[in-house]
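Okay, structure first, notes after.
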Amino acid sequence: MLKFKVTPASKKSYSWNATKPRVTVGRSPRNDLFLDDQFASRLHAALRTEEDGHCSIHDLGSANGTFVNGSTIEGSISIRPGDRIQVGSTLLELLPAAERQSRQGSLKPETVITHLLGDDPAQEPSISESRVFSILEAVRHATGGPPAEKEDTAERLADQERRGDLFEVMTQVGLALLSSTALDEVLQKLIELIFDAVPADRAFLLLRQGDDLVCKAASDRSGDAQGDPRVRLNDSVHQLVLGRGQSVLTSDAQEDERFRGRDSIILSGVRSVMAVPLAVGGERLGLIYVDNPLSTRAFTRDDLHLLTTIGSVAAIRIENALLLEQRLVTERLKQQLAKARDIQTRLLPEHPPQIPGYDLTGVSFPCFEVGGDYFDFMPLAENRLLIALGDVSGKGIDAAILMSSLHAAVRVQALAVAGAPPLVALVEHINNYLYTTTPANKFITFFVASLDSTSHRLHFVNAGHNAPLVVRSDGRAEELPASGPPLGIVPQASYRQGEVALAPGDVLAVFSDGVPEATAGGAALEEATEFFGEERLTKVIHRHRDKTAAQLRDRIEEALLDFVGAGVAPEDDVTLVILKRK
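Residues -10 to 571 (our numbering) make up the sequence shown, in order.
Written as structure tokens, this is what we have:
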């Protein structure tokens, strides 16, 4: 990860981390590093980091140029720690590796949890200080506070001894819940402590896992494990405790009207029963269930009060463990998305090839971490260039995977034929491949063209894609319509090749539907009252047709943001390729 010192003109310096292998810098909010700098272009420059740590910078056709150590750059050049990069009136300094090295394991889930909770990453998070006090307060209430005065000394001493025993039990419960031991071991220890608190013969702790209720810890008074994840709870107990959040106490389960006629493994042959919810903030995580056979005394209200208190403090620890698990899963997903984003970034061209007599640029902005838009440039033999742009239906990770498949298929088919590949055959082969490998609800709109820079003729095939625009130097606009269905829908589909000549000053704009279907205010498509549309796009190109391809790209991007509204999150991926004949 690169770390830069950023110094805007007449403003305080700040640090900025480049967390992706390719990041863009400029005056547009779409950039990874947004510069509020009137002398910077909207898409000014791109910084790239290779896996071996090699760093480079590429000017994206900026109006005022990009400077490294005082010298203007052309194309892509390497940068080293200490180099000073000038973008507009802003200076960027690449910091040495020692200063930009993040904490060890910064991407590991354990480290993220440490940062969030302040605990040892090798352990589960402990309960917060405020909750520790809550536990101690619950212990005090559970043991009844100071004993009342009694005339009988023996009775008073016995009461004090009982309260002391209960306080010791609850203290041990609190210590068990505060320990860093694995949750399953803590829950089993908790079950053992319950036998010191209430006169139960069996105890079960069950947690919700999806729609199921799973036994996580169980034992009898002799210490024999009773755990069985398939143990079934009486329907009435389940409804009262988990459905309504109520505690259950009965002295004779066999005669209790709430349980009669209800089949249950747990209630078979038992009389006295208690069950309390494990709940935090209204969310019921599970329950504690205890019971006795007929030979032992019935549970009392005091027993229920004590078991309810144990359940309340136990739920805090369980909630902490579940939050930790969720955070670990979330962090793993973030890492996977970051890797997918890095791979996808490397699939897109780092910078366009140089074509005599032409100016070319391309850009893609995914609306999520990864996107389904794709563009590519491939220099071919005989002064030819292949230009491709595709748009996968949908967004997100599934669209990104299909985008990668399309990228590989285009490259393989184009390289399989020496010289200029026949475009119709190329598209038909790719369509048949995608039809057999793409889900039925997915498809790809695709435009591919072959430019002959000698004859200045553009041959193209449009597979269900938005019609690219050719804006002539005199302001006339022509569309390059579709000549076949999108890829992956129809097997053995037929396509036709089109042809157009490019005169000096003519501009070709190829774009994904995120451009014309951008909505005012970022409204959803079904709610939109106005789209950016091809007409606005044509007017922007016509108004700025004398500018370079990079400047045209910036003007289009600027018009899109002005139309959608500042600060509005994009609804779709935006990809744009501009080709201009000088």
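Just so you know, even glycine gets a beta-carbon here, dropped at the ideal spot from N, CA and C. All values reported here derive from a predicted model rather than from experimental measurement.
| Query | Result |
| --- | --- |
| Helix, strand or coil at S225 according to DSSP, with G and I counted as helix | helix |
| Close beta carbons around R69, own chain, < 8 Å, minus the five adjacent residues each side | C44, L83 |
| Pairwise C-alpha distance: D280 and V187 | 10 Å |
| Other residues of its chain near I66: CB distance less than 7 Å, five sequence neighbours each side excluded | S45, I46, V57 |
| Chain-order list of residues whose beta-carbon lies under 8 Å from that of V646 (same chain, five-residue window excluded) | The chain is shown from -10 up to 571; residue 646 falls before or after that span and cannot be answered. |
| 4-residue-minimum alpha helix (DSSP H) runs that sit fully inside the segment 398 to 479, ordered along the chain | 412 to 426 |
| Beta bridge counterpart(s) of A207 as assigned by DSSP | F193 |
| Spatial distance of L568 from M367 (CA atoms) | 14 Å |
| Proximity of F435 and L476 at Cβ, strictly below 8 Å | yes |
| Backbone secondary structure at T13 - three-state DSSP | strand |
| Environment of E272 [buried if 16+ CB atoms lie within 10 Å] | exposed |
| Same chain, Cβ closer than 7 Å to A429, five either side skipped, listed in chain order | none |
| Straight-line Cα distance separating L172 from M590 | Absent from the model: residue 590. The displayed extent of the chain is -10 to 571, so no value can be given. |
| CB of A329 within 8 Å of CB of V359, strictly | yes |
| Simplified DSSP state of Q343, which is helix, strand or coil | coil |
| Alpha-carbon spacing of E339 relative to A509, whole angstroms | 31 Å |
| R19 and F364 closer than 8 Å at C-beta | no |
| D502 - DSSP class collapsed to helix/strand/coil | coil |
| Alpha-carbon to alpha-carbon, G503 and G77 | 29 Å |
| Nearest candidate by alpha-carbon position, reference R534, set T518, R465, C204 | R465 |
| Cut-off 6 Å between Cβ atoms - residues of its own chain near G453, not counting five sequence neighbours on either side | T434, A471, P474, P475 |
| C-alpha distance - A657 paired with V459, whole-angstrom precision | The chain is shown only over -10 to 571; residue 657 falls outside these bounds and no answer can be derived. |
| Burial state of Y278 (16 or more Cβ within 10 Å) | buried |
| Bridge partners - R37, DSSP secondary structure assignment | R11, S45 |
| Nearest residue (CA-CA) to Q402, options A414, L81, D213, C204 | A414 |
| DSSP-derived helix/strand/coil call for S394 | helix |
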